[in-house]
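Trainee: Numbering (numbering that gives the first Met the number 0), first residue to last: 0 to 451.
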Amino acid sequence: MSNKVATEGQQRMEALARVRSLLLELGCTREEIDRAVADDVLDLLVVDRMLAPAGTRLTQAQVAERTDIPIEVARRFWRALGFLDVDEDDLAFTEMDIEAVRLFQSMVAMGLVDIDSAVQMARVIGSSMARIAEAETGGATTPILAASGDSIIDADEFAMQAGEALPAMGRLLEYVWRRHLQAATRRAMLLRARASEEGISPVMTVGFADMVGFTVLSQHLGDEDLAAVVARFEELAHDTVVALGGRVVKMIGDEAMFVVPTATSAAEIGLSLAEAYADDELLSDVRVALAVGPVLVQDGDFYGPVVNLSSRLVGVANPGTVLVSDDFRTALEAEGAEGFTTRALRTRNLKDIGRVQVWKLSRAGTEPGADRRRNVRWERLGEVLRELDELRDRGEQLVVRASRPPAGEAGQSQPPRPERDVPASVPGQPGRGDSLGPELEAPLEGDDRPAP
0 MSNKVATEGQ QRMEALARVR SLLLELGCTR EEIDRAVADD VLDLLVVDRM LAPAGTRLTQ
60 AQVAERTDIP IEVARRFWRA LGFLDVDEDD LAFTEMDIEA VRLFQSMVAM GLVDIDSAVQ
120 MARVIGSSMA RIAEAETGGA TTPILAASGD SIIDADEFAM QAGEALPAMG RLLEYVWRRH
180 LQAATRRAML LRARASEEGI SPVMTVGFAD MVGFTVLSQH LGDEDLAAVV ARFEELAHDT
240 VVALGGRVVK MIGDEAMFVV PTATSAAEIG LSLAEAYADD ELLSDVRVAL AVGPVLVQDG
300 DFYGPVVNLS SRLVGVANPG TVLVSDDFRT ALEAEGAEGF TTRALRTRNL KDIGRVQVWK
360 LSRAGTEPGA DRRRNVRWER LGEVLRELDE LRDRGEQLVV RASRPPAGEA GQSQPPRPER
420 DVPASVPGQP GRGDSLGPEL EAPLEGDDRP AP
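(1) May I have the straight-line CA-CA distance separating L180 from L281, to the nearest angstrom?
(2) Distance check for N348 and V460, CA to CA, integer angstroms please.
(3) DSSP on N307, reduced to helix/strand/coil?
(4) When DSSP labels each residue in this structure, what does S283 get in the three-state scheme?
(5) How many whole angstroms separate the CB atoms of G303 and V294, which I take to be in contact at a CB cut-off of 8 Å?
(6) Quick check: the Cα distance between E13 and F157, rounded to an integer number of angstroms?
(7) List the whole-angstrom C-beta distance separating V240 from V247, where the pair is believed to meet the contact cut-off of C-beta under 8 Å.
(8) Would DSSP call V18 helix, strand or coil?
(9) Using the rule of at least 16 other Cβ atoms within 10 Å of the residue's Cβ for burial, across every protein chain shown, is Y174 buried or exposed?
(10) First and last residue of the beta strand (DSSP E) that includes A255?
(11) Measuring CA to CA, which of V72, A401 and T341 is closest to Q59?
(12) Helix, strand or coil, according to DSSP, for M49 in the structure here?
(13) My understanding is that G319 touches A265, with C-beta atoms under 8 Å, so please give their C-beta distance in whole angstroms.
(14) When you compare only the Cα positions, how much space is there between S324 and G299?
(15) In chain order, what residues of the same chain lie with their CB nearer than 8 Å to the CB of R231, ignoring the 5 residues before and after it?
(16) Can you find the residues in the same chain that come closer than 8 Å, C-beta to C-beta, to I152, ignoring five residues on each side of it along the sequence?
(17) Name the one or two DSSP bridge partners that N348 has.
(18) Given a threshold of 16 other Cβ atoms within 10 Å of its Cβ, counted over all protein chains shown, does W77 qualify as buried or as exposed?
(19) For the pair the stretch 385-401 and the stretch 351-363, tell me if three or more CB-CB distances fall below 8 Å.
(20) Hey, could you find the ends of the alpha helix (DSSP H) R74 is sitting in?
(21) By DSSP, does A336 sit in helix, in strand, or in coil?
(22) Compute the beta-carbon to beta-carbon distance between L190 and P201, rounded to the nearest angstrom, for a pair I have assumed lies under 8 Å.
(23) Is it buried or exposed, E395, if we count other Cβ atoms within 10 angstroms and call 16 or more buried?
(24) Secondary structure at D300, three-state DSSP: helix, strand or coil?
(25) Does DSSP put A290 in a helix, in a strand, or in coil?
(26) Rounded C-beta distance between L322 and A288? I'm assuming under 8 Å.
(27) For M106, does the three-state DSSP call read helix, strand or coil?
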């Protein structure tokens, strides 16, 4: 035991000597180092000095004076990058911050952007870089972060890892940024050309893929297992969407949002996603929805009614199915796409949108009973849950109406109740829903009643 303690003590002394030498090279004083050792925060001092090199420390006012920029503008820029406010007298800034502000100024001076646009761009950069930094340090196994509990050993380990990783990561980030900028610029030029020809906003297919049962799953898995599920979900989504010509816009927990320039590619992506998740042993099925229409592109995200429609559609899809909007089906036919079939389902009353026609997308020649991991039990459960949701919504509306005072005098004639049509079950027309069994595809009595 004594030999082991002696060995650990020797290793600790050697680690401290290496860290001390590094910190002196980075501009720390011996007093700062000794204080950090005494306070058991030597690892934090190493992180600060390696990632934000020392030098002259400045206050907000000094940064504003050095850069000749109004202090309020500097604060806007700082906050947009995602950094916490600091007190006016805090010596929180370095030459790195001065350089960043000057780059900000040069972009404005060259006329590339105005101040508001530059701040908005800073917000996008800040949020993206924050996510990258969290991914580098917050994983279940992060080599760059030691966890010995000894600040000296941890400081030494971080210094060795970061000394190699930081330059490499900087070069990698620049490479990835250039590649994505190239692709984004090409997309923007093509979209603008198409939009100017048609006189409208760019038209894109917006898709959502939602993993079934994730909420329940997350309550029963440990952190490590849950992280594995999330990582696998993101991996499959990215690989499938990108390989088939789309782009993943963002991951929202158990949901992936993606955009595709053509309906044909989007259809292939949607079905491939459903198949890939069905075949994966670690994950449950996904619901997929596709809608096409004009979009507003801003800060790397997409907005507009088509985004809302696709988001609502995925919420009414059954596990393992791909639902598409009426416009998407029209676009798919206009492109002359082969290998796909669409089947009309009954209209859906979507929140904040109203009643819309919904179609189920499948591969041509696929028999309903042969769909992967699909069965009547899933279908019936999905239909029952949706019917319960609709009944609950109607019940809430009836309660609200009943609580209102009468609009007219007693005995005033009431408007006649609309008659309810009971449509016959016609193949290829809106029916009972996206269920498999014929008894489930037949419309319920009063199924086409007017929306309340």
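Positions of the beta carbon are idealized from the N, C-alpha and C atoms, including for glycine.
Mentor: Working from what's here:
(1) 34 Å
(2) A question about residue 460 goes unanswered here, because the residues of the chain that appear run from 0 up to 451.
(3) helix
(4) coil
(5) That belief holds up - the Cβ atoms of G303 and V294 are roughly 5 Å apart, short of 8 Å.
(6) For E13 and F157, the distance between alpha carbons rounds to 15 Å.
(7) Yes, they are in contact, since the Cβ atoms of V240 and V247 sit about 5 Å apart, within 8 Å.
(8) Three-state result, V18: helix.
(9) Exposed is the label assigned to Y174, since fewer than 16 other Cβ atoms lie within 10 Å of its Cβ.
(10) E254 to V259
(11) V72
(12) helix
(13) Between A265 and G319 the Cβ distance is about 18 Å, and since that is not below 8 Å, they are no contact.
(14) 24 Å
(15) D279, L281 and L282
(16) Same-chain partners within the cutoff: Q10, R11, A14 and A145.
(17) Looking at the DSSP output, N348 sits in a beta bridge with R354.
(18) When all chains shown are included, W77 counts as buried.
(19) no
(20) I70 to A79
(21) Here A336 sits in coil by DSSP.
(22) 4 Å
(23) exposed
(24) strand
(25) strand
(26) In this structure L322 is in contact with A288, their Cβ atoms being roughly 5 Å apart against a cut-off of 8 Å.
(27) helix
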